[in-house]
Structure formats: structure tokens, C-alpha cells
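Take a look at the structure set out below.
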Amino acid sequence: MKRIISDLLPIALFFSAYMYTNNIYIATKVIVLSCIFQLAYTKFFQFKIKKINVISNVIIILLGSTTIFLESDIFIKSKPTIVYWMMGLTILFLQDNFKKDIIRSSLENKIKLSQKIWNYINKFWICFFITMGFINILIAFSDLFSEKEWVIFKTIGFPIVFTIFFVIQFMFFKKHIK
Numbered sequence: 001m002k003r004i005i006s007d008l009l010p011i012a013l014f015f016s017a018y019m020y021t022n023n024i025y026i027a028t029k030v031i032v033l034s035c036i037f038q039l040a041y042t043k044f045f046q047f048k049i050k051k052i053n054v055i056s057n058v059i060i061i062l063l064g065s066t067t068i069f070l071e072s073d074i075f076i077k078s079k080p081t082i083v084y085w086m087m088g089l090t091i092l093f094l095q096d097n098f099k100k101d102i103i104r105s106s107l108e109n110k111i112k113l114s115q116k117i118w119n120y121i122n123k124f125w126i127c128f129f130i131t132m133g134f135i136n137i138l139i140a141f142s143d144l145f146s147e148k149e150w151v152i153f154k155t156i157g158f159p160i161v162f163t164i165f166f167v168i169q170f171m172f173f174k175k176h177i178k
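Here is the structure:
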């Protein structure tokens, strides 16, 4: 539970700061500071943090700091796309070059599936992450959506989409679980 709260705290603070101020730069300062605090707190109390969380926090700190320094929101708005594409390309790269299946290795002690099904799951996740990156670009940088709509979709919409994707995928593959 502590880990979930810790993982969600920076984004919750970003969302709250933005909704209160309607200012992307203040919200970005809040998320950068909370990510720095989160990494320091985790290091100090020495509970294990996932590599993806460290990478994501470092990206937030770098792009957020750049956003603040250059007073351009393009950097903070690019962060989800960068993380999603990195995740999708990492799955693809490891699968193609090292025959390593990171989704399987993280779930195989809970779910037993054939290699064919794990390959499908990998392909679905790669496509999902690449698609989510493009969706972020559409919402963040087109004139179809406001900055506030991007913040709402980033903090509420993306997690809902992830959950729906996971449930649909589970329903599709559950008959193959051994």
C-alpha cells in the first residue's frame, strides 16, 4: 500500500496543483519536487523501487526542469509519449535481440501460458504503448484539446485506458491460462 501511494503521489500532486492554479508551470514545479522527494525518500528508507519508476521520475525531473527553465510546456507534455515509446521499444528490443520476454518473466509465476500466447501478449503491449504515445501527442499538441483536457486525460484517462486494456486482454487470454 505504501508503494502504491508513493507511486501515485507525484501525479496526484501534479493534478491537484494544476486544477487549483490552472498553471502548467506551477504543476510542473510540484511534480518535479515531488519526484525528487520520492526518489530521496525511497533511497533513505531503502525500500525497493522499480526501475521503470526511477526512469520515469528521472524523465519527469529532466523534462520538467527543462519546461520550467525554458518556459515551454512541450517538454512536460512529451513525457508520457517518451515513456510509452521507451516501454514498447524495450519490450520489442529485448524480445527480438535477446529472446527475453519481460512481460512473461514478471507474470509467469502467477499465470501459466504457452509461448505462443506470451508472444501475442507482447505484441499487444508493444502496439498499446506505441498507440498511447501517439494518443498523447494528439491530445497534448493538437488544437482539438485544451491543456486542461490533456492534464485530465493524462492523470485520469490514461490509467482508465490501461485498466480497460488489461481487462480486455485478460478476458481474451484467460481461456489459455493453465
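Heads up, the sequence shown is in my numbering, so the first residue is 1 and it goes up one at a time. Just so it is clear, CB atoms sit at the ideal spot from N, CA and C, and this is done for glycine as well.
Please work out which residues of its chain come closer than 6 Å, Cβ to Cβ, to residue i, disregarding the five sequence neighbours upstream and downstream, and give them in chain order.
i: M87; result: F129
i: M132; result: Y84
i: W118; result: D101, R104
i: V151; result: Y18
i: T81; result: G133, N136, I137
i: N22; result: none
Going by C-alpha distance, which of the options is nearest residue i?
i: C35; options: F45, I55, Q115; result: I55
i: W85; options: L144, C127, S106; result: C127
i: D101; options: N122, T21, V151; result: N122
i: V58; options: L70, V83, T163, K48; result: V83
i: T66; options: I11, N136, T28; result: T28
i: M19; options: I160, E147, F172; result: E147
i: K174; options: I111, P10, F162; result: I111
i: L70; options: Y25, S105, V167, P159; result: Y25
i: H176; options: I31, G64, K116; result: K116
i: Y120; options: F98, N109, L92; result: L92
i: V32; options: I68, N97, K50, I160; result: I68
i: P10; options: L89, V30, N22, K50; result: V30
i: F37; options: T21, I61, N23, L89; result: I61
Can you list, in chain order, the residues of its chain whose CB lies under 7 Å from that of residue i, leaving out five sequence neighbours each side?
i: N53; result: D7
i: F165; result: F128
i: T163; result: none
Below 8 Å CB to CB, which residues in the same chain sit around residue i once its five sequence neighbours on both sides are set aside?
i: L94; result: K100, D101, I102
i: K48; result: none
i: L63; result: F75, I76, S78, K79, I82
Is residue i near the ligand SAM - that is, is its Cβ less than 6 Å away from at least one heavy atom of it?
i: I117; result: Of the ligands one can find in the structure shown there are none, so the ligand SAM has no counterpart to examine.
For residue i and chain B, any beta-carbon pair shorter than 7 Å?
i: N23; result: Judged by its chain identifiers, the structure shown contains no chain B, having just a single protein chain.
Do the stretch 64-81 and the stretch 38-52 make contact, defined as three or more Cβ pairs closer than 8 Å? Output reads no: the stretch 38-52 does not touch the stretch 64-81.
Is the stretch 13-25 in contact with the stretch 146-162, if contact means three or more CB pairs nearer than 8 Å? The stretch 13-25 makes contact with the stretch 146-162, as at least three CB pairs between them are under 8 Å.
At least 3 beta-carbon pairs within less than 8 Å: the stretch 134-146 vs the stretch 113-126: Not touching, per the Cβ criterion.
Output the residue ranges of the alpha helix (DSSP H) runs that lie fully inside the stretch 131-167 and measure 4 residues or longer, sorted by chain position. Those alpha helix (DSSP H) runs which fall completely within the stretch 131-167 and span 4+ residues are 147-152.
Write down every uninterrupted run of the alpha helix (DSSP H) in the stretch 57-124 whose length is 4 residues or greater and which is fully enclosed by it, in chain order. Counting whole runs of 4 or more residues, the stretch 57-124 contains the alpha helix (DSSP H) stretches 74-98, 102-107.
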